RNA sequence: GCGCCUGUAGCUCAGAUGGAUAGAGCAACGGACUUCUAAUCCGUAGGUCGCAGGUUCGAAUCCUGCCAGGCGUACCA
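Residue numbers (my numbering): 43 to 594.
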């Protein structure tokens, strides 16, 4: 619809120029938007205003000339007028909108999709929590955001793969092993002081007990270093299984689980060092090995191998991201907690060192989640091991509510998550508000079927001529734009907001208009309309990973 | 100190590429169920878009300075 109008305006510009009515050629693409105020028409364009300086003419005059040269063979424009400082407002013929409805019905679950991605291969990596403890709500937000972005990008024609990076080598895993081992020793009365830097949660005790149940005291017979390694290995595996289960409960699935350790096992990290040396991207200083990130705009170079011989995480991260490109992806998206933002510059520098462009690497920063109950903060101390896990929250409020709330806010803005509000089935909690639309329509459709009313092959849709009808149809017309924009900007919350808006329009409509009436033509038209709304709601919710229930 | 992010109604937040009278929800107040689900709807009220300058036809949006909050600034992960 917008496109049609754009074409009409462009050809009018061209025609006016060729006829000499306008002094300059102007191939600027006109901005067409839906005005905030309904009286300003269905669409408005600022083309006359932005052309003013080029044409050296007042906007109003340009607008008049343009309108004189408009060709509208399909008759979609009902009237067009000039308003304000030079806007051209277009009022469309109601009939023109019906094509949107037909589109929705024809495309069904593909309505809103597009192919801006052209099958470009994108890898999105998210969650990637260390397997040293259960997932908490913050991880949940990352999971919801990552998963939804993946869905949206796929819908827009990208070839997307989702990956979880497992930090299964390095110090934290050692600490995990030590923690479990010490708790294990306690079980045999060999208590030592439990260090503060070990993991404090009860799950460590449980892992120790599981270890004990396996073969009783066998670990005590080993050298403590070996015992710690054994504990580290089995505990990490166990925790990772738990993480996988939690994510399944959240309906987030990954295409691949990528192990950091495997980068060492396959010598990818070593190769990266060789490569960096050879390219002179790495050098020795003060007993450590440094990577020249400053060369690509980082504020200083970064250590990749410490003087004690241990690699930093940055070393394996370079190898990892290099490997992603080598696997054929042309664009990488990483979803990180906002506390990692200091890491972006150096990682981007690494990306450029591969000869890739900066825009082939996007970081989506996800801000903190403040967990509340009835407005009061819930104590969340990872140190003390007191935290509400993602699993707890899913069990309490459900996956759908959880995901929707996580996606309601811009990912870069902190989020208050109130457990009590999340359970409420009121407008406080927009999940139900949106889902209710779907359920209500299902209910109408069911009733219509019982009464043998059909919503296809209506003789005419001209019964849908009230402002209420058109408002709904117009908002449906916006859906593809919303989806595309949220794909371009990696912002799922736009879809959530859109859905709330459509839901609001529908509930309003529902309260004012009966769908099933004695008038069969009217019933047919309204059913057709309402079923289109249902398709949109379902498509939108699907992009957020939320169910669209038949009844509630 | 330096860097990044944030500051919009009492609260929680939307407002892409500058556009017309800045929008939702919640909370407050007043209304609507003989109906396809009231998990809904309608109405009222609520604003110096942190502050001050600048850019221009036009700024919540762009630029500069300041104020407030968060985060980062490791041979931590």
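For each residue, glycine too, the CB sits at the ideal point set by N, CA and C. None of the values given here were measured: they were computed from a predicted structure.
- Assignment of residue 99 by DSSP, reduced to helix, strand and coil, places it in the coil class.
- Between residue 108 and residue 58, the CB-CB gap stays under 8 Å.
- Here the stretch 236-247 makes contact with the stretch 173-188; the two share three or more CB pairs at distances below 8 Å.
- Excluding the 5 residues flanking it on each side, residue 43 has same chain C-beta neighbours closer than 6 Å at 519, in chain order.
- Within 10 angstroms of the beta-carbon of residue 333 lie 16 or more other beta-carbons, which makes it buried.
- Residue 571 sits close to residue 514, with the two beta carbons spaced by under 8 Å.
- Assigned with DSSP and collapsed to three states, residue 363 falls in helix.
- Taking one beta carbon from each stretch, the stretch 185-197 and the stretch 574-589 have 3 or more pairs nearer than 8 Å; the two touch.
- In this structure, residue 454 sits near residue 407, with a CB-CB distance shorter than 8 Å.
- For residue 407, the uninterrupted beta strand (DSSP E) run begins and ends at 403-408, by DSSP.
- Contiguous beta strand (DSSP E) elements confined to the stretch 110-178 occur at 119-125, 129-134, 163-167, taking only those with 3 or more residues.
- Ranked by how close their Cα comes to the Cα of residue 445, the residues 538, 578, 262 have 538 in first place.
- Under the three-state reduction of DSSP, residue 463 is assigned to helix.
- When Cβ pairs closer than 8 Å are counted between the two stretches, the stretch 298-312 is seen not to touch the stretch 262-273, the count staying below three.
- When the five nearest sequence neighbours on each side are left out, the beta carbons in the same chain lying within less than 6 Å of the beta carbon of residue 335 are those of 343, 344, 388, 391, in order along the chain.
- The continuous alpha helix (DSSP H) containing residue 220 extends over residues 213-229.
- Within the model, the alpha-carbon separation for residue 117 versus residue 525 is close to 28 Å.
- DSSP, read as helix, strand or coil, puts residue 182 in helix.
- Proximity to residue 81 across 133, 554, 91 peaks at 133, based on C-alpha coordinates.
- Remark: C-beta atoms of residue 436 and residue 315 do not approach each other more closely than 8 Å.
- Taking a C-beta distance under 8 Å as the contact criterion, residue 104 and residue 86 do not qualify as a contact pair.
- Spatial neighbours of residue 448 in its own chain (CB-CB distance under 6 Å, excluding positions within 5 residues in sequence) are listed in chain order as 183, 186.
- Between residue 591 and residue 262, the alpha-carbon positions lie close to 54 Å from each other.
- As the crow flies, the alpha-carbon of residue 490 is around 30 Å from that of residue 443.
- Taking the Cα positions, residue 329 is about 56 Å away from residue 522.
- In the same chain as residue 564, and ignoring 5 residues on each side of it, the C-beta atoms closer than 6 Å to its own belong to 505, in chain order.
- In the three-state reduction of the DSSP assignment, residue 415 falls in the strand class.
- If you ignore the 5 residues before and after residue 439, its C-beta comes within less than 7 Å of the C-beta of 461, 464, 465, all in its own chain and listed in chain order.
- Going by DSSP, residue 374 is part of the beta strand (DSSP E) stretching over 373-379.
- A residue is called buried when at least 16 other Cβ atoms come within 10 angstroms of its Cβ; residue 139 meets this threshold and is buried.
- Cβ contact annotation for residue 567 (same chain, cutoff 6 Å, sequence separation greater than five): 500, 503, 505, 506, in chain order.
- A distance below 7 Å between beta-carbons, with the five flanking residues on each side excluded, links residue 559 to the following residues of its chain, in chain order: 565.
- The Cβ-Cβ distance between residue 241 and residue 276 does not fall below 8 Å.
- In its chain, beyond the 5 residues on either side, 467 have a beta carbon closer than 6 Å to the beta carbon of residue 474.
- According to the DSSP secondary-structure assignment, residue 206 is paired through a beta bridge with 299.
- The stretch 506-563 is shown to contain whole alpha helix (DSSP H) runs of 4 or more residues at 509-531, 535-554, in chain order.
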